[in-house]
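What follows is one structure encoded as C-alpha cells, with my remarks underneath.
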Amino acid sequence: MEIQDYLRILQSRWKIIAITTVVAILGALGASLLTTPIYEASTRLFVSTSAGSSVNEVYQGNLFSQQRVTSYTKLLTGETLAQRTIDKLDLGGTAAALASQVKASSAPDTVLIDVKVQDPSPERARDIANALSDEFVVMARELETPEKGGAPAARVVVEQQAQTPSTPVSPKTLRNLALGAAVGLLLGIAFAVLRDRLDNTVKDRRTVEELAGSALIGTIPFDKERQTQQAINFAEGNSSSAEAYRELRTNLQFLEVDNPPRVIVVTSSLPTEGKTTTAINIALVLAEGGQNVCLVEGDLRKPRVSKYLGVVGSVGLSSVLAGKADLDAVLQPTQYSGLTVLASGPIPPNPSELLGTETARQVLADLRGRFDYVIVDASPLLPVTDATVLTAMSDGALVIARHAETKRDQLSRAVGNLHSVGATILGTIITMTPSRGRGVYEYKYYYETDKSLPQMQQAAPAQPVVQQQAPQQPVPQQAQYVREEYPQQPYGGDPQEAPVYQGAPAYQGAYHGDQGQQWYGGPDHYGSEQQSGAPVPPTPRRTRRYRDDQEPWSETDAPRDHTQ
Numbered sequence: 026m027e028i029q030d031y032l033r034i035l036q037s038r039w040k041i042i043a044i045t046t047v048v049a050i051l052g053a054l055g056a057s058l059l060t061t062p063i064y065e066a067s068t069r070l071f072v073s074t075s076a077g078s079s080v081n082e083v084y085q086g087n088l089f090s091q092q093r094v095t096s097y098t099k100l101l102t103g104e105t106l107a108q109r110t111i112d113k114l115d116l117g118g119t120a121a122a123l124a125s126q127v128k129a130s131s132a133p134d135t136v137l138i139d140v141k142v143q144d145p146s147p148e149r150a151r152d153i154a155n156a157l158s159d160e161f162v163v164m165a166r167e168l169e170t171p172e173k174g175g176a177p178a179a180r181v182v183v184e185q186q187a188q189t190p191s192t193p194v195s196p197k198t199l200r201n202l203a204l205g206a207a208v209g210l211l212l213g214i215a216f217a218v219l220r221d222r223l224d225n226t227v228k229d230r231r232t233v234e235e236l237a238g239s240a241l242i243g244t245i246p247f248d249k250e251r252q253t254q255q256a257i258n259f260a261e262g263n264s265s266s267a268e269a270y271r272e273l274r275t276n277l278q279f280l281e282v283d284n285p286p287r288v289i290v291v292t293s294s295l296p297t298e299g300k301t302t303t304a305i306n307i308a309l310v311l312a313e314g315g316q317n318v319c320l321v322e323g324d325l326r327k328p329r330v331s332k333y334l335g336v337v338g339s340v341g342l343s344s345v346l347a348g349k350a351d352l353d354a355v356l357q358p359t360q361y362s363g364l365t366v367l368a369s370g371p372i373p374p375n376p377s378e379l380l381g382t383e384t385a386r387q388v389l390a391d392l393r394g395r396f397d398y399v400i401v402d403a404s405p406l407l408p409v410t411d412a413t414v415l416t417a418m419s420d421g422a423l424v425i426a427r428h429a430e431t432k433r434d435q436l437s438r439a440v441g442n443l444h445s446v447g448a449t450i451l452g453t454i455i456t457m458t459p460s461r462g463r464g465v466y467e468y469k470y471y472y473e474t475d476k477s478l479p480q481m482q483q484a485a486p487a488q489p490v491v492q493q494q495a496p497q498q499p500v501p502q503q504a505q506y507v508r509e510e511y512p513q514q515p516y517g518g519d520p521q522e523a524p525v526y527q528g529a530p531a532y533q534g535a536y537h538g539d540q541g542q543q544w545y546g547g548p549d550h551y552g553s554e555q556q557s558g559a560p561v562p563p564t565p566r567r568t569r570r571y572r573d574d575q576e577p578w579s580e581t582d583a584p585r586d587h588t589q
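Numbering (this note's numbering), first residue to last: 26 to 589.
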C-alpha cells in the first residue's frame, strides 16, 4: 500500500478511528476515577562514618559510607524493618504488605538515602515514613556496633522528616488520558486498515471498473428524499442528485456517438440497490432534455415503477406478451412531459419464459421505432435471469452497484451472467454514495441564477417540423378522435388490424377499461379530452367499424367526434 491508500483509509474510516480513540480515552478516565488515590510521604537519611585524622582516612571513610548506602537501601525495604515499624505503630497487616509500600533510593556517589512510603491515607503514609526512618536509625546502630563494644563503624541520621502529602501520586489522570488517546489513536488506525482490507464491498471507481470491465458513467449521491419521493422534479431540481443525473445523461449520450444506445436495460446484482429509482430518473432526465422516452416496467416479479409514478399497473407488458392487449392500448402517459410508461401488467407465473419470446423482442423493436429512448427497469441479475434475457434483446445494460453494500463477488457474478449471453454492458453506476466532502454541495447555493437579469418565460423544447401529406378526403375540424368499438375484446384488440393511411402521424392509445372502447387521437390526446394549447389536426384513418349488433357499417368512414 502507498501513502495515498493510507490517506484514503483515514478519510473514509475516520469514524472507526474517532470511536476507538474516544473509547480509549473514556476507559482511561474511568480507570482513573475508579482507582483509589494513593499518597506518598518521604524522608531522607544521611549516612556517615567516623572522621579520620588524615586525608587518606577521610577518603576511605567516604568510600565506606557510599558502600554502606547501597546495603542500607536493601535493609530499608526488608521485612525485618517493616515488622519493627508495625510493632511500633501497632498497625495491622503483614510485614510483606508494608514492605511493598516502601521504596528506598540513593543518588550515585552520595551518602543520602530517600525513603518513600505510599498509602491510601496521607496521615498514615507520613507516620509510617517517620517511624520507619527512626527504627532504621536504631537498627543501623545495632548492626554497626562491634560485639565487644565501642563506637559504631557508621551511623545514620534522619536528615528530613516526612510531611503530610496534600495531593495523591496515583492515579495521574492527565497522564492516563494522554496515554489513552495515544493508544486509542494507534488502535483506531490499525482497526481502520484491517477493516478496509477485510471489506469486500465496492466503493470507488477503480474497483467497479475492474470488476465490470466497463466505465463508470455515473455516481448518484445519497438523498433521503428519494426514500419517499423517488422521482426528481428536474424542472425545479438543482440539488446534487439532479446534477448527478444530468451528468449521467451527458455521459450516456456520448457512449457511442455514431450509434448511441436507445434501448437500455437498467439492472443490478441484488434488490435494494436503487435500480428502479435510477431507471425512473434516467428516463425523466432524458425527457427533460427534449427526448421522447418510454419507461418499461420490465420487472415482472416485484414491479415498482407504476407505484412510484402513479400509473395503472394492472395492465401492461405481460398483457401484450400474453396476447391479451395491444401495445397501443397499454401505453400510459405520465404527468411528466415526454415520458410514457409501459407498466408490468398482471404478474405472470413464468416471467423468464414470457420475456424470452419473440413477441418480447418485437415489442422492444416496436418501442424503438416510436421513441427516442426506451428505458427498461429489469429484475436483479443474481436471483433470476429476466434481466439477462432482456439485455440480450436490447442495446445494452447499465449495471447498478450500491456504495458500500454491493459486494465485489456479487457484482462480478452479475457481470458474468451478462457476458455469458453476449450482452453488452454500457456502463456502471454507483448509487447512494456518501453526500459529504468538499466536492459535494448544493448547486443552487453556489451557482444560482442571477435574478437581476431579464428572465425568460417557461418554454417547451423545440420540436422539429414534420412535413405531412395532405389528407385525401375533407375532414371536419371538429373530429378530434376516432372511436373503435369491439364488444368482444376486453382489452380493445381488433381481430383484424385496421389499415392506416400512408403518411399519417404516429398515434398512441390509452386503455380505459370501459366496455372495450379505445380512443385514438394526436400525440397529445391519449384518450382524454384535448389538452390546452394549439389544436392538433385530426389524423385521417381507415378503419372497419362494428356496431353493437355485429353488423358492419361501411367500408370506409371519416373520423367522427367521440361524443357521437
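Note that beta-carbon positions come from the ideal geometry of N, C-alpha and C, so glycine has one too.
| Check | Outcome |
| --- | --- |
| For residue 66, the first and last residue of its enclosing alpha helix (DSSP H) | Per DSSP, residue 66 belongs to no alpha helix (DSSP H); it is in the beta strand (DSSP E), 64-74. |
| Local conformation of residue 160 per DSSP, three classes | helix |
| Complete alpha helix (DSSP H) runs within the segment 307-337 (minimum length 4 residues, chain order) | 330-334 |
| The segment 415-432 contacting the segment 381-393, beta-carbon criterion three pairs below 8 Å | yes |
| C-alpha gap between residue 370 and residue 50, whole angstroms | 60 Å |
| Where residue 402 falls: helix, strand or coil (DSSP) | strand |
| Reference residue 372, options 221, 342, 412 and 438, closest by Cα | 342 |
| Exposed unless 16 or more other CB atoms sit within 10 angstroms - verdict on residue 255 | buried |
| Through-space distance from residue 31 to residue 330, alpha-carbon basis | 42 Å |
| Through-space distance from residue 298 to residue 328, alpha-carbon basis | 15 Å |
| Contact check, residue 64 vs residue 193, beta carbons under 7 Å | yes |
| Residue closest to residue 398, alpha-carbon to alpha-carbon, out of 244, 48 and 304 | 304 |
| Unbroken beta strand (DSSP E) run spanning residue 13, endpoints | What the structure shows of the chain is the stretch from 26 to 589, and residue 13 is not part of that stretch, so it cannot be assessed. |
| Boundaries (first-last residue) of the alpha helix (DSSP H) holding residue 596 | For residue 596 there is no data in the structure shown, the boundaries of the chain being 26 and 589. |
| Collapsed DSSP secondary structure at residue 43 in the structure displayed | helix |
| Proximity below 7 Å, CB of residue 336 to CB of residue 312 | no |
| Straight-line Cα distance separating residue 208 from residue 108 | 42 Å |
| Span separating the alpha-carbon of residue 323 from that of residue 409 | 13 Å |
| Cβ-based burial, residue 366 [other Cβ within 10 Å; buried from 16] | buried |
| Nearest-angstrom Cβ-Cβ length linking residue 162 and residue 150, presumed shorter than 8 Å | Actually they do not touch by this definition, with Cβ atoms about 19 Å apart. |
| Residue 544 in three-state terms, based on DSSP | Because residue 544 sits at a pLDDT of 34, beneath the cut-off of 50, its placement in the model cannot be relied upon, and the following sentence gives the value as read from the coordinates. Reduced to three states, the DSSP call for residue 544 is strand. |
| Buried versus exposed call for residue 396 [16 or more other C-beta atoms within 10 Å across all chains shown] | buried |
| Beta-carbon gap between residue 273 and residue 243 smaller than 7 Å | yes |
| Residues near residue 103 in its chain [Cβ-Cβ closer than 7 Å; skip 5 each side] | 124 |
| Stretch pair the segment 445-459 + the segment 219-238: three plus CB contacts closer than 8 Å | yes |
| Three-state secondary structure (DSSP) of residue 365 | strand |
| The segment 88-106 contacting the segment 129-139, beta-carbon criterion three pairs below 8 Å | yes |
| Straight-line gap, residue 377 to residue 411 (C-alpha atoms, nearest Å) | 5 Å |
| Rounded C-alpha distance that separates residue 96 from residue 165 | 11 Å |
| Rounded Cβ spacing between residue 405 and residue 247 (contact assumed at less than 8 Å) | About 20 Å separates the two Cβ atoms, so there is no contact after all. |
| Residue 277 beta carbon less than 7 Å from that of residue 318 | no |
| Per DSSP, cross-strand counterpart(s) of residue 143 | 65 |
| Residue 180 - DSSP class collapsed to helix/strand/coil | strand |
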